[in-house]
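The listed protein sequences correspond, in order, to chains L and G. Last residue of the first sequence: 312 in the numbering used here, with the numbers rising by one and none dropped. Last residue of the second sequence: 1402 in the numbering used here, with the numbers rising by one and none dropped. Even for Gly, the Cβ is constructed at its ideal location relative to N, Cα and C.
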Amino acid sequence: MSGYIARRIWQMIPTMIGVVLLVFLLFNTVGGDPAYVLAGKISNQEQIDNIRRQLGVDQPYYVQLWIFVKQILTADFGASWSTNEKVSQILTSRLGPSLTVLVPLTILDTLISIGLALAVAYVRGSLTDRMVMVVCTVGLSISILVYIIVFQYFFAYKLGWFPVQGWGDSFTENLFRYSTLPILIGLVVSIAPSLRLYRTFVLDEINQDYVRTARAKGVSENRIMWIHVLRNASIPIITNLMAALPGLLLGSFLIERFFSIPGIGREVILAVERSDFPVIKAITVYVAFATIATNLLADLTYKAVDPRVQLK
Amino acid sequence: MPHDLPLKSPAQTLSPREIPHTVSPGLWTLAWRRLKSDYVGMVSLAIVGVFLVMMLLSATGLIAHDWSREVGTNYAPPSFIGADVEGGTPAAPAAPAEAPPPASEYRSQIVDPIGDVIAELKGEKVPAPASAVPGAAPGAEEKSVDPLADVMADIKAGKGVTANAAPAEERRATLPFGGDKWGRDVLKKTIKGSETSIFVGIMSAFVATFLGTVFGALAGYYGKWVDDFFNWFYSVFSSIPYLLLVLAVAAVLQQKGMLTIILILGLTGWTGVFRLIRAEYLKHKAREYVQAADAIGASNVRRMFVHIFPNISHVVLVQLSILTVGFIKAEVILSFLGFGVPVDVVSWGSMLNEAQNELILGKWWQLVAATIAMATLVTAFSLFTDALRDALDPKLKGRRGH
């Protein structure tokens, strides 16, 4: 087991190097000279030269790459180009609000989707099943933008049940006052795809022999679904959930933008709007590293849930 | 073959060339047959076809070429409401209620139910505004304005194409599906926006599928270090969450344009195709027909793309249509955020961006128009993709949702 983990961590290194190279190429060669972006429209050559020296872009590429690697290893990307806030400070302070919305959203989405998937798969082929699938397909085809615009307008602006946007200082206020509507919208958007996927996972299990055996020996239907089937269906569900986790951090960027939640996703959009390269670079690299790490974690969880899995 | 054939005509058994042989239908014939028997699939195909024809007509300038003309008054309401819904307060709650189920027909069926609801709303809640009285204002009533308007449009088009904004007295009080902030026809705008969004979706899907197929073919066919290299490339690209990668590329490429967004989406979206195509090539390269091709001296490239590719082209086709749906959605989000199409190009995303502020003013029609158009196309396209997959790979039937 520990040998496996060690080998997997060893195998991560090329991928991480690849991510660093990709981000470096993207921002230091494809994007042109960052000094012009930073200096803005009105600038003279002297200023530009000055900025180039500060950023180190007048150096050869291998020196620039080394600077970038050092920045990643020390988690010191310097200051944001537009707000002068330290990038590390931005990252740590934006993580909290993102998680305040995301953790409850993910938990609720998973629980509700699993429950519905079991129920719908149990009555597979029936009118209910088909109707739910049709609603899911149609619901999926409407852009997330429309859900946010309409829900925000209707529930917050028109009916006044929730604040239109904002963010407070205390955790409970944020969670129960400002995050409620964002979480609700997130659920509406995320349940349809999760349900469709989880339903197929449950359907894969529901016709297996062990289900028939359980039924034959008189196990109650509830126990069959919630214990026998769910345990087996949870293997792909967990893998799926884990793989989606880092993406979720950004997936909610639209919600964060509309509701002015100071999270990572909103920060990315702001940074792209302002061409704030250090912030985008830092977020891209660290989120990629987090993805690589969760992939390993997913495999380990996989093993924990299903002892039959042989990790090679 | 009937079993009594040899008894009847022994000559045929002697000369095998004369045996009437039936050509067994190929994969595509069989798939088309299965698709034709799939009712949902055919209806969705028809709807997708309507959108594609609309896109072509709009691209060639046959329809909606004058979408940027300011033909109506600012925020001209839809004709079926009438001209004079002041402030829009009675109409506004209808917007969220109308957002769900888009019917299969694009224009005629959508308009009617809203009209009914609005009529009800007006009848119950609004104490008879000017529009409820027929003939109160010349142009307020739906039926009377339409024939006149066509003539008017013809006159205007003939008089001067140069003037973008029609003179104030020529501006219409209502438009078929309302007008936007500058009085442009929302219906025409939606058609033009569909052109942009569908074009970007299809083109970037082609780019991504092409890259994924070529990479996957090389990796799966050659194996060894080629495979290792492309797998490394794949794991690098797939470890950065898709939207983050798209936004990072958008940040770097400063100039905006259709080509830029097609490249952004295409260059970042090939990973899923790669994984599937690589697996197919791994499976196929050891098969006998490939060995046979090798034996007759077919080159590697020929074996890869002339012999193997037709056998996996159904996977490519399904991926192409899955990606198209995904990219249409992504384009809408990017254009909404302002990282997509340029300002002078209209797309569903930029329409939704305008609609966001309009909704607060109670002008819901642009939101509804863009939403219905997009939801109809995406639903039809997704259902068609499902049907296509079932038709091409019947073993998968009943496992929809993957």
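Item: Minimum Cβ-Cβ distance from K1329(G) to chain L less than 9 Å; Value: yes
Item: Near-chain L residues of the stretch 1176-1207 of chain G - C-beta to any C-beta below 7 Å; Value: none
Item: Per-residue burial, K1283(G) [other beta carbons within 10 Å of its own, 16 or more giving buried]; Value: exposed
Item: Neighbour flag for A1248(G) against chain L, beta carbons, 9 Å; Value: yes
Item: Cβ neighbour criterion (16 or more within 10 Å) applied to I1198(G); Value: buried
Item: Neighbourhood of A79(L) by C-beta, 8 Å cutoff - its chain only, sequence neighbours within 5 removed; Value: E85, K86, V87 and P278
Item: Test: W1225(G) CB closer than 9 Å to a CB of chain L; Value: no
Item: Best match in A1387(G), S1068(G), V1246(G) and S1037(G) for proximity to G1193(G) [C-alpha to C-alpha]; Value: S1068(G)
Item: Residues of the stretch 95-109 of chain L with Cβ closer than 9 Å to any Cβ of chain G, in chain order; Value: none
Item: Test item: CB-CB of L1253(G) and T1268(G) under 9 Å; Value: no
Item: Test item: CB-CB of F1411(G) and S1350(G) under 9 Å; Value: Residue 1411(G) is absent from the structure shown; chain G starts at 1001 and stops at 1402.
Item: Nearest candidate by alpha-carbon position, reference W1270(G), set Y1242(G), V1186(G), V1343(G) and V1332(G); Value: Y1242(G)
Item: Rounded Cβ spacing between D129(L) and V120(L) (contact assumed at less than 8 Å); Value: 5 Å
Item: Whether T1385(G) touches V1318(G) by CB criterion (9 Å); Value: yes
Item: Candidates I1360(G), I1308(G), D1185(G) and S1313(G), of which the one nearest T1073(G) by Cα; Value: D1185(G)
Item: Where A288(L) meets chain G, residues with beta-carbon distance less than 7 Å; Value: S1239 and I1240
Item: Chain G within 9 Å of N295(L), Cβ atoms only; Value: yes
Item: Chain-order list of residues whose beta-carbon lies under 7 Å from that of S1009(G) (same chain, five-residue window excluded); Value: With a pLDDT of 48 at S1009(G), under the threshold of 50, the predicted position of this residue should be treated as unreliable, and no value is reported.
Item: Residues of its chain near A233(L), where Cβ-Cβ distance is below 6 Å and the 5 sequence neighbours each way are ignored; Value: F201, V202 and E205
Item: P182(L) - containing alpha helix (DSSP H), residue span; Value: T180 to I206
Item: Cβ of G332(L) within 9 Å of any chain G Cβ; Value: Any question about residue 332(L) goes unanswered here, given that chain L covers just 1 to 312.
Item: Under 9 Å from the C-beta of T74(L): neighbouring residues of chain G; Value: Those within 9 Å of T74(L) in chain G number zero; the least Cβ separation is about 21 Å.
Item: Helix, strand or coil at P1138(G) [DSSP, three-state]; Value: Because the pLDDT at P1138(G) is just 41, under 50, the model does not fix this residue reliably, and the point stays unresolved.
Item: Where G1362(G) falls: helix, strand or coil (DSSP); Value: coil
Item: Euclidean distance between Cα positions of G139(L) and I1312(G); Value: 32 Å
Item: Residues bridged to A79(L) [DSSP beta-bridge criterion]; Value: K86(L)
Item: Test: Q1356(G) CB closer than 9 Å to a CB of chain L; Value: yes
Item: Beta-bridge partners of D1185(G), as assigned by DSSP; Value: G1179(G)
Item: Proximity test, Cβ basis, 9 Å: A1251(G) and chain L; Value: yes
Item: Cutoff 9 Å: R257(L) Cβ touching any chain G Cβ; Value: yes
Item: Min CB distance E273(L) to chain G below 9 Å; Value: yes
Item: Chain-order list of residues whose beta-carbon lies under 6 Å from that of D1227(G) (same chain, five-residue window excluded); Value: A1219
Item: Nearest-angstrom beta carbon gap, G1266(G) and V1325(G) [assumed within contact, 8 Å]; Value: Their Cβ separation, rounded to whole angstroms, is 15 Å, which puts V1325(G) and G1266(G) out of contact at 8 Å.
Item: Inter-residue spacing [alpha-carbon to alpha-carbon] between S143(L) and A1286(G); Value: 44 Å
Item: Rounded distance between the beta-carbons of V285(L) and P23(L), thought under 8 Å; Value: As written in the sequence, residue 23(L) is Val, which differs from the Pro given in the question. The pair is a contact, with the Cβ atoms about 6 Å apart (cut-off 8 Å).
Item: When R53(L), R196(L) and A293(L) are compared against G115(L), the one with the closest alpha-carbon; Value: R196(L)
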